[in-house]
Amino acid sequence: MTPTEAPLRRALSTMAEQVEVVDLAGRVDAHLRRRRRRAHGAALLAAACAASVVTGVLLQTRADEQALPTHPGPQLVHLDRARLGHPESARLVVSGYDVGGWAMSRDGHWVRLASSGVLGPCRTLSADGRTVAAVHPAGSDRVEVRLESVAGPARTVTVAARRVGPACWAAPAPGGGLAVMFDDAGPGPGTIPVLRLVPADPTQAPRAVPLAGHIGRPFGAFLPDGRLVVVSGTPSGTLGPPGLRVGVLDPATGQGGAVRATDGSVADGWAVSPRDAQAVVSAGLPDSRGRRSWARFGLDGRPQDLGHFTTPRTDHLIGWSRADRLVWFRTVSESTGRYDVVQTGLDGGNPRVLYRLSVPGPTAWAAFAPSTAP
Amino acid sequence: MQLGSRDDAAFAEFVRARTPALLRTAYLLTGDQGAAEDLVQAALVKVAGRWARIASRGDPEPYVRTVLYREHVSRWRHHRVDEVQLVDQELPTGGHDDQVAVALTLEAALAELAPRQRAVVVLRYFDDLSETAAAEALGCSVGTVRSQTFKAIARLRALAPELLEEVRS
Chain A
2 MTPTEAPLRR
12 ALSTMAEQVE
22 VVDLAGRVDA
32 HLRRRRRRAH
42 GAALLAAACA
52 ASVVTGVLLQ
62 TRADEQALPT
72 HPGPQLVHLD
82 RARLGHPESA
92 RLVVSGYDVG
102 GWAMSRDGHW
112 VRLASSGVLG
122 PCRTLSADGR
132 TVAAVHPAGS
142 DRVEVRLESV
152 AGPARTVTVA
162 ARRVGPACWA
172 APAPGGGLAV
182 MFDDAGPGPG
192 TIPVLRLVPA
202 DPTQAPRAVP
212 LAGHIGRPFG
222 AFLPDGRLVV
232 VSGTPSGTLG
242 PPGLRVGVLD
252 PATGQGGAVR
262 ATDGSVADGW
272 AVSPRDAQAV
282 VSAGLPDSRG
292 RRSWARFGLD
302 GRPQDLGHFT
312 TPRTDHLIGW
322 SRADRLVWFR
332 TVSESTGRYD
342 VVQTGLDGGN
352 PRVLYRLSVP
362 GPTAWAAFAP
372 STAP
Chain B
82 MQLGSRDDAA
92 FAEFVRARTP
102 ALLRTAYLLT
112 GDQGAAEDLV
122 QAALVKVAGR
132 WARIASRGDP
142 EPYVRTVLYR
152 EHVSRWRHHR
162 VDEVQLVDQE
172 LPTGGHDDQV
182 AVALTLEAAL
192 AELAPRQRAV
202 VVLRYFDDLS
212 ETAAAEALGC
222 SVGTVRSQTF
232 KAIARLRALA
242 PELLEEVRS
């Protein structure tokens with residue numbers, strides 16, 4: 002038997018096509034001009050007044066750097082039928098720590114969020130893709146939740162809490178309300194975390210719902226039927242036995258909390274089905290191959306474990322499309338701000354790069370929301 | 082590009098026309114978009130000052146590619162510590178039959194090869210160069226290309242056998 006390299010040749014061609022072709026002419030030209038001017042400056046330096054020439058070279062170099070092509074910024078991409086395999090539109094939101102947030106409208110245009118520069122890394126995208134909620138501690142007894150609308154003005158909701166952990170979470174609720182999770186309300190670690198349900202009517206007081214069965218710092222998302230999925234993860238050796246806990250809560254009554262513990266460590270991402278009561282929870286850190294593991298749950302009645310899967314190399318789970326595909330975010334090159342949005346089946350099969358993004362600066366957070374229309 | 086002479090204009094035209102192909106090769110060599118851009122830019126800057134002489138010998142692309150490959154190996158020597166860390170990476174599992182999955186597998190497998198082995202794979206199976214031409218591009222002997230190819234293929238076969246079909250000889 003001898004090997005034939007035909008598959009290798011095909012794979013090389015496929016991999017080569019993944020590179021984003023950029024125009025390097027401007028960069029090469031600017032580099033050459035800088036070099037020429039430095040050489041010219043050095044010659045003058047040898048011949049005449051050193052100090053004045055050095056100043057001139059520095060000024061010219063700075064002017065050259067200003068002439069370098071600026072970063073192109075988020076590229077225009079369309080989340081349409083051809084890309085998603087389903088007649089739907091969707092929203093993708095990408096933001097960085099320093100450069101603020103960007104949201105993509107349904108027609109595929111990028112919109113810079115109005116005051117996104119103040120957004121912290123603790124952010125959640127509403128199920129309809131219209132609102133980003135960002136949480137800021139505001140003293141020892143309250144937090145501020147800034148609600149950034151993709152297409153309108155921002156507003157801030159202040160929610161009281163006895164104690165706020167270093168990270169907390171908020172989600173815009175269907176109908177204009179808000180769910181805010183606090184670390185815990187007790188005197189020390191290990192006590193029950195508390196959910197504050199903030200009504201849309203500002204004259205009504207928030208309702209506190211202790212989340213029995215959860216420890217640590219839960220987070221979650223709203224299902225299409227308005228119920229809230231709550232996920233908490235406990236790493237080994239911290240506040241209790243390791244594992245993920247998934248519960249479902251009815252915000253109208255505060256009732257629910259059926260919890261199923263699974264193997265795994267801290268959850269780092271989640272997605273809910275836009276069509277029915279299912280959720281996917283991505284668990285913990287990637288393995289040495291860069292793969293993520295996740296568990297899928299059915300949430301009609303008591304949560305049911307529907308299986309555990311792995312994905313090709315990805316960074317974060319960011320959404321669930323109407324075509325029943327999971328959407329993942331992957332860093333290609335942080336130094337150049339290049340990222341992939343990868344789509345897989347619910348079992349991790351058929352990975353496909355939906356598009357390659359250019360985002361100025363390192364990204365801190367990304368989210369995906371399918372359209373609300375079926 | 083703001084260049085004045087005829088040679089500079091010819092160089093600008095070469096950069097415009099051949100950057101996509103050079104980027105594809107550089108991406109296979111580096112596995113990183115940003116590193117590929119930096120590598121192509123460095124190669125182009127190196128040849129710019131000698132463009133008139135290079136172009137007077139005929140098609141300048143082979144020379145540019147030689148600079149590209151040698152720059153790649155040179156950079157690896159300079160950043161050897163960073164590259165060694167890649168040896169611990171494992172491959173993504175197979176099982177996905179679409180081309181992207183295969184490309185991801187290849188990407189991980191190439192990261193496990195030494196830079197010269199990776200270069201000979203790209204030269205021989207992507208650029209379709211002969212052993213002699215690959216040796217010229219890398220500045221080494223034909224025997225070295227042959228041995229590096231043998232080692233690279235053996236390593237790829239161990240890491241990702243689906244990249245190499247077995248046929249009866």
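As you go down the protein sequences, you meet chains A and B in turn. Taking the working numbering, the leading residue of the first sequence gets 2, the next gets one more, and so forth. Taking the working numbering, the leading residue of the second sequence gets 82, the next gets one more, and so forth. Heads up, the beta-carbon is just placed ideally off N, CA and C, and yes, glycines get one too.
Item: Pick out the complete beta strand (DSSP E) segments inside the region 298-332 of chain A, 3 residues or longer, and give them in chain order.; Value: 305-311 and 317-321
Item: Among the residues of its own chain, which have a CB less than 7 Å from the CB of W170/A, if the five just before and after it don't count?; Value: C123, T125, V136, M182 and F220
Item: For the alpha helix (DSSP H) containing Q122/B, name the first residue and the last one.; Value: Q114 to A129
Item: Got a sec: which bits of the region 296-310 of chain A sit with their beta carbon under 7 Å from any beta carbon on chain B, in order along the chain?; Value: none
Item: State yes or no: is the C-beta of P283/B within less than 8 Å of the C-beta of V22/A?; Value: Summary: the structure shown does not reach residue 283/B, with chain B confined to residues 82 through 250, and so no result is reported for it.
Item: Mind checking the region 7-31 of chain A against chain B and listing, in chain order, the residues whose C-beta falls within less than 8 Å of any C-beta there?; Value: A7, P8, L9, R10, R11, A12, L13, S14, T15, M16, A17, E18, Q19, V20, E21, V22, V23, D24, L25, A26, G27, R28, V29 and D30
Item: If we cut at 8 Å on Cβ distances, does R276/A have a partner in chain B?; Value: no
Item: Answer with buried or exposed for A239/B, where buried requires no fewer than 16 other C-beta atoms within 10 angstroms of its C-beta.; Value: exposed
Item: Quick check: T106/B and L149/B, are their CB atoms within less than 8 Å of each other?; Value: yes
Item: Should T5/A go down as buried or exposed, given a rule of 16 or more other Cβ atoms within 10 Å for buried?; Value: exposed
Item: Whole-angstrom Cβ separation of G227/A and P200/A, contact assumed at under 8 Å?; Value: Going by Cβ atoms, the distance from G227/A to P200/A rounds to 13 Å, so no, they are not a contact pair.
Item: Could you give the distance in angstroms between the alpha-carbon of A278/A and the alpha-carbon of S233/A?; Value: 18 Å
Item: Closest to Q97/B by C-alpha separation, out of T132/A, L300/A and A26/A, would be which residue?; Value: According to the sequence shown, residue 97/B is Arg rather than Gln. Cα-wise, what sits closest to R97/B is A26/A.
Item: Along the alpha helix (DSSP H) that carries A280/A, what are the first and last residues, could you check?; Value: That residue, A280/A, is in no alpha helix (DSSP H); its beta strand (DSSP E) goes Q279 to A284.
Item: State buried or exposed for A231/B, treating a residue as buried only when at least 16 other CB atoms are found within 10 Å of its CB.; Value: The question names Ala, yet the displayed sequence has Phe at residue 231/B. F231/B should be labelled exposed.
Item: Excluding the 5 residues flanking G255/A on each side, which residues of the same chain have their C-beta closer than 6 Å to its C-beta?; Value: V210
Item: With distance defined between alpha-carbon atoms, name the residue in D325/A, V333/A, V282/A and H309/A nearest to R246/A.; Value: V282/A
Item: Helix, strand or coil for G27/A, going by three-state DSSP, please let me know.; Value: helix
Item: Can you list, in chain order, the residues of the region 122-155 of chain B whose Cβ is nearer than 7 Å to any Cβ on chain A?; Value: Q122, L125, V126 and A129
Item: Output needed for Q305/A: all residues of its chain with C-beta closer than 6 Å, excluding positions within five of it in sequence on either side, in chain order.; Value: G299
Item: Kindly indicate if chain B contains any beta-carbon less than 8 Å away from that of R339/A.; Value: yes
Item: By the three-class DSSP mapping on this structure, what secondary structure does L109/B have?; Value: helix
Item: Based on Cα-Cα distance, which residue from A218/B, S137/B and G112/B lies nearest to R87/B?; Value: S137/B
Item: Compare the C-beta of P200/A against all C-beta atoms of chain D and say whether one is closer than 8 Å.; Value: No chain D appears in the structure shown, which is made up of the protein chains A and B.
Item: Check whether chain A comes within 8 Å of R236/B, counting only Cβ atoms and requiring the distance to be less than that.; Value: no
Item: Who are the neighbours of R97/B on chain A, taking C-beta pairs under 8 Å?; Value: D24 and A26
Item: Per DSSP, M182/A forms a beta bridge with which residues?; Value: W170/A and L196/A
Item: According to the neighbour-count rule (16 or more other Cβ atoms, all chains shown, within 10 Å of its Cβ), is S222/B buried or exposed?; Value: exposed
Item: Does DSSP put T157/A in a helix, a strand or coil?; Value: strand
Item: What's the gap between the Cα of G349/A and the Cα of R326/A?; Value: 9 Å
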